[in-house]
Amino acid sequence: MDEAFSFLQLGWLNAIREWQEELVGNMSSREFVPEISYAVVSSSLPQGE
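What follows is the structure, given as structure tokens:
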């Protein structure tokens, strides 16, 4: 596996772990997963005009 790709994967995992630590007191895991899914998907989609 490419080292740069592995580094990027770890970066995403670390970001999600940090978000979880920040939000764990404010929401359940059932609320957390859709929030993260939306954040990841919406940031990767091209923006319309």
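Position one of the sequence shown corresponds to residue -5 (the numbering used here), numbered consecutively onward.
Ideal Cβ placement from N, Cα and C applies to all residues, glycine included.
* **Residue from Ile30, Glu25, Arg24 with nearest C-alpha to Ala9** => Distance check between Ala9 and each of Ile30, Glu25, Arg24 places Ile30 closest, using alpha-carbon atoms only.
* Any heavy atom of the ligand GTP closer than 8 Å to the CB of Ser36? -> For the structure depicted, the ligand GTP is absent and the ligand set is empty, with no information on it obtainable.
* Residues near Met21 in its chain [Cβ-Cβ closer than 6 Å; skip 5 each side] -> So no residue of the chain qualifies.
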